[in-house]
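Trainee: Have a look at this one.
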Amino acid sequence: MTDALRVTDLKVNYGGIQAVKGISLTVGRGEIVALIGANGAGKTSTLKAIVRLIASQGQIDFFGATAGGRATHQIAALGVSLVPEGRAIFGNMSVRENLEMGAFLHRDALERKHHMERVFALFPRLAERLKQDGNTLSGGEQQMLAIGRAMMSQPKLLLLDEPSLGLAPKLVGEIFAAIRVIAADGLSILLVEQNTRLALKTAGRAYVLVTGEVALSGNAEDLRDDPRIQSAYLGGDTTRSNG
Amino acid sequence: MVWTYRTAVSIALIALLFGINWALDQYVIDYIVRIIMQCGINAILAVGLNLINGTTGQFSLGHAGFMAVGAYATAFAVIHLESWLGFNASNIPAPWMQGLLLSVGLLFGALFAGLAGLLVGAPSLRLRGDYLAIVTLGFAEIIRLIFTNTEALGGATGYSGGRPLGLPVYTNFFWVFLWAIFLITLIGNFTFSSYGRALRAIREDEIATEALGINTTRMKVLASVISAAAVGVAGGLFAHLMGTIRPDDFKMDRSVAMIVMILVGGLGSVSGAIIGAIFVGVTLEAMRDIQQYRLLAYSLLLIGLMIARPQGLLGSRELRLPAFLRRKRGGAA
Ligand SMILES: Nc1ncnc2c1ncn2[C@@H]1O[C@H](COP(=O)(O)OP(=O)(O)O)[C@@H](O)[C@H]1O
Ligand SMILES: [Mg+2]
């Protein structure tokens, strides 16, 4: 079976500066793959390039179909959903409206209701705040909403950009528990994180990005034991805020 | 059932407008009726502009240009339709025919203004914020220059269809409010549909909206076309109320007046836009003698508004219709 995502020799340039220098990675079906690296390593640029929010060179395939020539909204229609860095929820719209926006491409009312109930099962707090505006939610609830909104689009591949960013440890735990539940349902997930310890605990495989290049990759467990990772990423306090 | 209910409401509405029109004709001085009509035209302008500036959050400063296109296209169509049908000074169309001629003209006005909205929107809606404001402002100036330099449309002195008495004055209370109610209902339903929700999502976060599978460029262009078409109809009603249109009727202060309407009412609120339209219609009339200070007065008003109530009178909320009118508005979701 073809991979959920196959990226080959991806390059991203900002003006004269190359932020992503020809990386290749794959996400198998039903797999959680982590993309880890320090601030500025090129993780967000990689995700944006994958959904073609920014221009890039290289080959990108989703479930065997090329991304070439497709606009961002057409990639979403292939079953790929990005949860952007910093959540990007619709602040002046209610929680319900945010979720309904996620289901814009799915008009069937019954199906919609069913998926909304699944989101509530993942994040019961959202059900309690349906009528509240997005910007009245706490940071953790906003992250739940962003993931819930993405789930409403019934994706097959979920791209998560630093879901733990700036959240208290307890909420991070809740959100990662939900990510595991989502993966157990068969979704493929590319998880971008600065929180290396957490990412390597959640993912099956991982790629380590250093200044736009893949420095290391392999099984999450092996990477956890790798001395290079231990000293560079796991030495300090991993719950530090990544503001 | 829905259809019969709607038909009944529509017929009742038309009868009501007809009755009011008759009563105004009989008992109210023309001056007041004129202000009321101007408020109706303003309401179309404001609700039209609000769709793109308020709901979608794409700041246009050039809607006077679409109003101009609508005004000229409507007048041109009415004049030519009349001569084609053999109407002239000694063969004046019956009142119902006048309204029909006007309405057909307004369809042309909407069509051409909508096309202008497409032409301006398609390339420029990729721009953000200030750039979009500047491009739309430039567009309105270009439109004004084109009309100023087109002798066939009267050039700088304005268009009156080559008639000594000017354009036929067919705009009356009935037609202003029939068109206003029609367009406001249309835009209101659009705003509260899933498309309207997508427009608001674009205003909130365009990248996130695109990532959810929505063709944001197409949505913005669609909003721009509907907005321009509505404003074009207002322009056509204006033309056949004034009896003559000049390029200078559509200068920047006209665009600013529209923006003041939606800022007063509350950006993004349809009912707020209507309230703002009435407010501006009345104050504009009150300031008739000090016209040259209009922009200054608007600036002061806006500064005051930003201090006292930055979100406008209604914010982005809506005044709701009384329950009996809201009933069975099915299919709007
Ligand atoms: N829009 C941009 N213009 C110019 N440089 C950018 C832009 N976005 C990111 N960069 C640069 O590209 C590099 C990678 O950034 P990013 O992909 O955001 O990294 P990460 O998500 O891993 O923190 C950084 O050096 C950053 O400064
Ligand atoms: Mg990042």
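Residue numbers (my numbering), protein chains in the order written: chain A, 30 to 272; chain B, 1231 to 1563.
The C-beta atom is built at its ideal place from N, Cα and C for all residues, glycine as well.
1. State yes or no: is the C-beta of N68 (chain A) nearer than 6 Å to some heavy atom of ligand 3?
2. So with Cβ pairs under 7 Å, would you call T101 (chain A) a contact of chain B?
3. Where do the ends of the beta strand (DSSP E) carrying T165 (chain A) lie?
4. When you check each C-beta in the segment 1436 to 1447 of chain B against every C-beta of chain A, which residues fall closer than 8 Å?
5. Can you list, in chain order, the residues of the segment 119 to 135 of chain A whose Cβ is nearer than 8 Å to any Cβ on chain B?
6. Any heavy atom of ligand 1 within a distance shorter than 6 Å of the CB on T101 (chain A)?
7. Flag T73 (chain A) as yes when its Cβ comes closer than 6 Å to any non-hydrogen atom of ligand 1, and as no otherwise.
8. Compute the beta-carbon to beta-carbon distance between S182 (chain A) and V56 (chain A), rounded to the nearest angstrom, for a pair I have assumed lies under 8 Å.
9. Reducing DSSP to helix, strand and coil, say where R86 (chain A) ends up.
10. Please go through the same chain and pick out, in chain order, the residues whose beta-carbon is closer than 7 Å to the beta-carbon of R1559 (chain B), but skip the five residues on each side of it.
11. What residue range does the alpha helix (DSSP H) around E222 (chain A) cover?
12. Leaving out five residues on either side along the sequence, give the residues of the same chain with a beta carbon under 8 Å from the beta carbon of I204 (chain A).
13. Counting contacts by CB-CB distance shorter than 7 Å, is S182 (chain A) in contact with chain B?
14. So, A1294 (chain B) versus F1468 (chain B), is the Cβ gap smaller than 7 Å?
15. Mind checking if A1431 (chain B) is an interface residue toward chain A, Cβ cutoff 7 Å exclusive?
16. Indicate, with yes or no, if ligand 2 has a heavy atom lying under 6 Å from the CB of E114 (chain A).
17. Taking 8 Å as the cut-off, does the segment 1415 to 1424 of chain B touch the segment 99 to 116 of chain A (at least 3 CB pairs, one atom from each stretch)?
18. Just mark M1536 (chain B) as buried or exposed, buried being the case when its beta carbon has 16 or more other beta carbons within 10 Å.
19. Relative to the C-alpha of L1532 (chain B), which residue among B:A1370, B:G1511, B:V1486 is closest?
20. Using a threshold of 6 Å, is the CB atom of Y236 (chain A) nearer than that to any non-hydrogen atom of ligand 1?
21. Would DSSP call G51 (chain A) helix, strand or coil?
22. Could you tell me the distance, in whole angstroms, from the CA atom of P256 (chain A) to the CA atom of T225 (chain A)?
23. Kindly say whether R1427 (chain B), judged by its beta-carbon, lies nearer than 7 Å to any beta-carbon of chain A.
24. Look at the alpha carbon of Y262 (chain A) and the alpha carbon of A212 (chain A), and state the distance between them as a whole number of angstroms.
25. Closest by CA to I1456 (chain B), which one among B:L1375, B:N1283, B:W1233, B:G1347?
26. Buried or exposed, going by whether 16 or more other CB atoms sit within 10 Å of the CB of N1402 (chain B)?
27. Taking the alpha-carbon positions, what's the S1423 (chain B) to L1497 (chain B) distance?
28. Whose Cβ in chain A lies nearer than 8 Å to the Cβ of S1546 (chain B)?
29. Quick check: the Cα distance between G1344 (chain B) and I1376 (chain B), rounded to an integer number of angstroms?
30. Just to confirm my understanding: we take A1410 (chain B), look at its own chain, exclude 5 residues before and 5 after, and list those with CB closer than 8 Å. What are they?
31. Might you give, ordered along the chain, the residues of its own chain that have their beta carbon closer than 6 Å to the beta carbon of A1431 (chain B), omitting 5 neighbours on each side?
32. Looking only at C-alpha atoms, which of B:E1436, B:F1338, B:V1461 sits nearest to K1450 (chain B)?
33. Rounded to whole angstroms, what is the Cα-Cα separation between L227 (chain A) and K199 (chain A)?
34. How far does the beta strand (DSSP E) with D251 (chain A) in it extend, from its first residue to its last?
35. Look at the alpha carbon of G1462 (chain B) and the alpha carbon of V1299 (chain B), and state the distance between them as a whole number of angstroms.
36. Compute the Euclidean distance between the alpha carbons of W1314 (chain B) and A1503 (chain B), then round it to the nearest angstrom.
Mentor: On the basis of the supplied data:
1. For the structure depicted, ligand 3 is absent and the ligand set comprises only ligand 1 and ligand 2.
2. yes
3. Where T165 (chain A) is concerned, there is no enclosing beta strand (DSSP E), given that its DSSP letter is neither H nor E.
4. I1437, A1438, T1439, E1440, A1441, L1442, G1443, I1444, N1445, T1446
5. F119, G120, N121, M122, E126, E129, M130, G131, F133, L134
6. no
7. yes
8. Wrong, their Cβ atoms sit about 18 Å apart, outside the cutoff.
9. A quick correction: the sequence has Gln, not Arg, at residue 86 (chain A). If DSSP states are grouped into helix, strand and coil, Q86 (chain A) belongs with the strands.
10. The predicted model places R1559 (chain B) with a pLDDT of 44, which falls under 50 and marks its position as unreliable; any figure quoted below should be read in that light. Closer than 7 Å at Cβ, skipping near neighbours: no residue.
11. Careful: E222 (chain A) lies outside any alpha helix (DSSP H), inside the beta strand (DSSP E) at 217 to 222.
12. G169, Q172, M173, I176, P192, S193, L196
13. yes
14. no
15. yes
16. yes
17. no
18. exposed
19. B:V1486
20. no
21. strand
22. 14 Å
23. yes
24. 25 Å
25. B:G1347
26. buried
27. 18 Å
28. N121
29. 18 Å
30. G1270, I1271, A1273, I1274
31. T1439
32. B:E1436
33. 13 Å
34. That residue, D251 (chain A), is in no beta strand (DSSP E); its alpha helix (DSSP H) goes 249 to 254.
35. 6 Å
36. 39 Å
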